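So the structure is just underneath, and the comments pick up after that.
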Amino acid sequence: GVPAFQIDPALVMTLFLPPLIPAGAVLQQLRLPRRVLTILTGESLVNDASGLVLFRFAAAVALGGTFDATHAGIGFVLVAAGGIAIGYICGLALVWLLRRLHDSNLEVMASFLAAWASYLAAESVEASGVLATVACGLVLGWRQHEVLGSESRLQARVAWDFVVFVLEALVFILIGLSLRGVLGRLGFWPSVQLMPIAVAITAVAVVTRFVWVFPGTYLPRLLWPPLRRRDPYPPWQQAVVIGWSGMRGVVSLAAALALPDNFPGRDPILLVTFVVICGTVMIQGPTLGPLIRWLRVGSMAAQADDPDELLARAAMAAAALASVEAALTDPLIGGVAQDVVQEYRTRVAGLSSSPTSGAARAERAAKLSLRLDASAAARAELLRLHRVGDIHDEILRRLEHDLDLEEIRMRRQRGA
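Add 119 to a position in the sequence shown, counting from 1, and you land on the number used in the working numbering.
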């Protein structure tokens, strides 16, 4: 009378897969060359969007049974171009609106509404809603530094990170629930018979990325000398890391789930997609970090601080100092500026003095360590004041938020 214990695929996916989805979770903990980071964190913007557009054409062909290369090519260009144009227009409209809003909550809400509006507007004219959303996001990402205040940017970043996490978790829950039905409809032995096919497709997906990455990296430089002179051959280790970072995740799941119920072979496609994702995420994901360290790709960027970043910091400090020095002659606040200007002069002197030398790095690390210790002491005193009842919760949250931002900034400078 005791029911047999059964493993719920939905529960397994919910517990184990979401933390393993993105290569970005691994990359954020490693100091990689800027080129590699740019490629790996930015390629999905175009690859996933264009892939979903092509997927829609392929699904339509599979259901319709006919294919015209010329018609499909023109249709792809129109759908993609229309989506990008609509997304660009919606992005400009959002920027115009944000310039006139002066409330952080309204600005964050407007960013969400603009994403949905760009998608729905593009889909209403049979253009690509995915590319429209990407284009709208790129416009806002480029102009956010001009139209959003610091508080709004912090709130928007937290809100979007939370929404992305929830949506990714929901996608895996949905595919887990769907997988349970797929296994029930296919049966045990037919599912087992599909495993060799699924493993072969997984291997093809991994190998195909390497087949594309290496020629795409070296062949254009080989055939075009001006490109080779302007942008020399990158180390082969970087190409290996990029090739091994092709993990499949949310987009593959969403595409498989989007197939209509009457699509031929939908259940085997869902099962194979699940196996491909499990294979790439559980094999490539945990081994990406050790591979980067073994190939010493991270060490190429960790030898010293980024000179461009140090130059930018020095320029920012010089501009701030010039602004304070300009106030020295002001009859009203000149005395106050005299007290502040020394702080900025010290900061400019520290950023302008041989930041890449060993002694300068050691001095900078010591200063950051002292400041972190001072921040920890300030945090302990703040908590003591709250526990004895000298300050209320709102003051604690506000001052702790300031301490958190300052500590994040210092730890980022120290590379921790």
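Backbone N, C-alpha and C fix where the C-beta goes; we use that ideal spot for every residue, glycine too.
Fair warning: this is a prediction, and the values are worked out from it, not measured in the lab.
Notebook entry, point to check: Span of the alpha helix (DSSP H) holding residue 386?
Noted result: For the purposes of this step, residue 386 is identified with residue 267 of the sequence shown, where counting begins at 1. Here the alpha helix (DSSP H) through residue 386 covers 385 to 414.
Notebook entry, point to check: Are the region 247 to 263 and the region 343 to 362 touching by the rule of at least three beta carbon pairs closer than 8 Å?
Noted result: Three or more beta-carbon pairs separated by less than 8 Å are not found between the region 247 to 263 and the region 343 to 362, which leaves the two stretches without contact.
Note to self: Just to confirm my understanding: we take residue 310, look at its own chain, exclude 5 residues before and 5 after, and list those with CB closer than 7 Å. What are they?
What the structure shows: Working through the sequence shown from its first residue, we reach residue 310 at position 191. Excluding sequence positions up to five before and after residue 310, its CB lies within less than 7 Å of the CB of 302, 390, all in the same chain and listed in chain order.
Notebook entry, point to check: For residue 192, does the count of other Cβ atoms within 10 angstroms reach 16, so buried, or fall short, so exposed?
Noted result: As a first step, residue 192 is located in the sequence shown; it is residue number 73 there, counting from the start. Result: exposed.
Next item on the list: For the alpha helix (DSSP H) holding residue 309, just list the boundary residues, first then last.
Entry: Here residue 309 refers to the residue found at position 190 when the sequence shown is read from its first residue. Looking at the DSSP string, the run of the alpha helix (DSSP H) that includes residue 309 is 307 to 342.
Check: So, helix, strand or coil for residue 186, using DSSP?
Finding: Stepping through the sequence shown from its first residue, residue 186 is reached at position 67. Here DSSP, grouped into helix, strand and coil, assigns residue 186 to coil.
Check: CB residue 234 to CB residue 252, shorter than 7 Å?
Finding: Along the sequence shown, one-based indexing puts residue 234 at 115. Along the sequence shown, one-based indexing puts residue 252 at 133. In this structure, residue 252 lies closer than 7 Å to residue 234 by Cβ.
Notebook entry, point to check: Taking the C-alpha atoms as reference points, what is the distance between residue 201 and residue 358?
Noted result: By 1-based counting over the sequence shown, the position of residue 201 is 82. By 1-based counting over the sequence shown, the position of residue 358 is 239. Distance between the alpha carbons of residue 201 and residue 358: 33 Å.
Checklist line | the region 314 to 325 contacting the region 385 to 400, beta-carbon criterion three pairs below 8 Å | finding: yes
Checklist line | Where the alpha helix (DSSP H) through residue 224 begins and ends | finding: Locating residue 224 in the sequence shown gives position 105, where the first residue counts as 1. Unbroken alpha helix (DSSP H) run through residue 224: 223 to 243.
Item checked: Chain-order list of residues whose beta-carbon lies under 6 Å from that of residue 180 (same chain, five-residue window excluded) -> If you number the sequence shown from 1, residue 180 lands on position 61. Taken in chain order, the residues that qualify are 186.
Note to self: What does the Cβ neighbour count give for residue 316, buried or exposed, with the cut at 16 atoms within 10 Å?
What the structure shows: Within the sequence shown, residue 316 is the residue found at index 197, counting from 1. Residue 316 should be labelled exposed.
Item checked: Exposed unless 16 or more other CB atoms sit within 10 angstroms - verdict on residue 435 -> Counted from its first residue, the sequence shown places residue 435 at position 316. Exposed is the call here.
Next item on the list: Determine the DSSP secondary structure at residue 503, reduced to helix, strand or coil.
Entry: Walking along the sequence shown from the start, residue 503 turns up at place 384. The answer is helix: DSSP assigns residue 503 an H, G or I state.
Checklist line | Distance, residue 374 Cα to residue 393 Cα | finding: The sequence position of residue 393 within the sequence shown is 274, counting from 1. The sequence position of residue 374 within the sequence shown is 255, counting from 1. Each residue's alpha carbon lies about 12 Å from the other.
Notebook entry, point to check: chain E beta carbons: is any one of them nearer than 7 Å to that of residue 251?
Noted result: The structure shown contains no chain E, having only a single protein chain.
Margin query: With H, G and I counted as helix, E and B as strand and the rest as coil, what does DSSP make of residue 488?
Written below: As a working note, residue 488 is residue 369 in the sequence shown. Helix, per DSSP.
Check: Counting pairs of Cβ atoms below 8 Å between the region 167 to 178 and the region 236 to 245, do you hit three or more?
Finding: no
Check: If you draw a straight line from the alpha carbon of residue 439 to that of residue 453, how long is it in whole angstroms?
Finding: The sequence position of residue 439 within the sequence shown is 320, counting from 1. The sequence position of residue 453 within the sequence shown is 334, counting from 1. If I take the Cα positions, the gap works out to 16 Å.
Notebook entry, point to check: If we count the other Cβ atoms within 10 Å of its Cβ and call it buried at 16 or more, is residue 297 buried or exposed?
Noted result: If you number the sequence shown from 1, residue 297 lands on position 178. Buried: at least 16 other Cβ atoms inside 10 Å.
Next item on the list: Using three-state DSSP, classify residue 353 as helix, strand or coil.
Entry: One-based indexing of the sequence shown puts residue 353 at position 234. DSSP, read as helix, strand or coil, puts residue 353 in coil.
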